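Student:
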Amino acid sequence: MPIHEQASFGEEVRTGLDNAALPAYAPMLSAFHRACGPALQAIVADLPVEPGMRMLDMACGDGVYSVWLAERVGKTGHVVGVDIAPAYLELARKNASSSGVSERISFQTGDIGGLPFADDEFDLAWCAHSLYSLPDPLAALRELRRVVRPGGVVGILENDTLHHMLLPWPADLELAVRQAQLDALRETAHSIGKFYIGRNLCGAFKTAELRACHVRTHTIDHRAPLSADEQVYLEGYLRDLGERARRHLDQAASTAFDMLLEPGSELYMLDQPDFFASHLEIVAWARK
Ligand SMILES: C[S@@+](CC[C@H](N)C(=O)[O-])C[C@H]1O[C@@H](n2cnc3c(N)ncnc32)[C@H](O)[C@@H]1O
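26 is the number of the first residue of the sequence shown in our numbering; add one for each residue after it.
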C-alpha cells in the first residue's frame, strides 16, 4: 500500500492529501497500537459500553479501535468505522477480517465535516487521536453529538502536545524544543488551542453541549530494552518532533537535540541501556 512521504499529525487535512495513500505516520501509529495494545484496550474497556450497542468509530484509521469496540458490544452490537481516506479503510477492512468479530463491523467513507448518518443513530461515538488534526475540533464534536441518541455517549482519546511524552533529556533542552514545537504549530494552524485540546476535553464537551464529562489520564511507560514496536513508535515520535521543531531551535539547542535524538548518534536516547520514557493518554466521554 502506498505511503505519503509527508503528512504528520495535525497537517493532513490542511495539506489536502489525496487520501489514496496512507499518511507517513501510518507505520508509527500501527506500531503504537501494538506496543501499547493492553493499555489502549483497558481505555476502551473503561467506556460505558453495553452489549447490543450501535457504535461509531470516527476517523477509524487502521480500524484497531473498531475491533476493540466490536469485542465489547457482543453478537447483537455493531460498530461502523468511518474515515475520509480510502487507503486507511482498505487497511481497516483487512485488519478487521482477521479479528474474529468482523461480522459486527462495517467500514465506510465519511467526512467529519458532514457525516453520512441521520441524527441520533448511534449509542456511542468514539474518536481516537484525530480531533486535534481536524481543522475545527469543536465542529467535529458537535457533529459526533448530532449522530448519537439523546443520552448517548461521545468518547474522545487525545494527547496534549506539550505534555505528551516525558523523555530523559535535559530540562532546558526540553523547554527549548517544546517552545520550538509551539512556534512550528503556530505556522500551521490559525488556532493553536486545538493542539492542546487534551487538557481541556471536558471544557470542549461543554461548549459542544455534551454533559456529565468523565475524564481520565492514563500513563504508559517505555523502558529499555524496547520492543521493536516501541522502537518504531518512539523513533517516529522523535522524528516528527524534530521535523517540526528543528527550524525554530538556535544552533546550540539544535546540536544538543541532534546528539540525543538522531538515530546513529552515539548518545541516541533510544539506544541507552537505562532509557525510560512515559507518555500520557487522556480519555474523556460525556453524554448528549
Ligand atoms: C491520526 S489518525 C487516527 C486514526 C485512528 N483513530 C487511530 O487512533 O489510529 C487520523 C485519522 O483521521 C482521518 N481523517 C482526517 N480528516 C478526516 C475527516 N475530515 N473526516 C474523517 N476522517 C478524517 C485520517 O484519514 C486518519 O485515519
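Don't be surprised by glycine CBs; every beta carbon is placed ideally from N, CA and C. If you're wondering where the values come from, they're calculated on a predicted model, not measured in any experiment.
Could you have a look at G86 and say whether DSSP puts it in helix, strand or coil?
Tutor: coil
Student: How about T244 and L200: are their beta carbons less than 7 Å apart?
Tutor: no
Student: Could you check the C-alpha separation between S290 and D299 for me, to the nearest Å?
Tutor: 16 Å
Student: Which value, in whole angstroms, describes the spacing of the CA atoms of R211 and Q204?
Tutor: 11 Å
Student: Is it the case that the CB of Y258 approaches a heavy atom of ligand 1 more closely than 6 Å?
Tutor: In this structure, the C-beta of Y258 stays at least 6 Å away from each heavy atom of ligand 1.
Student: Would you say L54 touches ligand 1, meaning its beta carbon is less than 6 Å from a heavy atom?
Tutor: yes
Student: Cβ atoms of G106 and S91: under 7 Å apart, would you say?
Tutor: yes
Student: Can the beta-carbon of I68 be found closer than 7 Å to that of A95?
Tutor: no
Student: Comparing alpha-carbon positions, which option in G228, A237 and T186 lies nearest R312?
Tutor: A237
Student: Tell me whether V173 sits in a helix, a strand or coil according to DSSP, three-state version.
Tutor: strand
Student: Is G86 near ligand 1, going by C-beta to nearest heavy atom under 6 Å?
Tutor: yes
Student: Mapping DSSP to helix, strand and coil, what is W194?
Tutor: Three-state DSSP puts W194 in coil, outside helix and strand.
Student: What do you reckon, is the C-beta of L109 under 6 Å from a heavy atom of ligand 1?
Tutor: The sequence given here has Ile at residue 109, not Leu. I109 Cβ: within cutoff of ligand 1.
Student: DSSP state of V126, grouped into three classes?
Tutor: Shown here, V126 sits in coil according to DSSP, grouped into three states, outside any helix or strand.
Student: Could you give the residue range of the alpha helix (DSSP H) that holds R224?
Tutor: Element bounds for R224: n/a, residue is neither H nor E.
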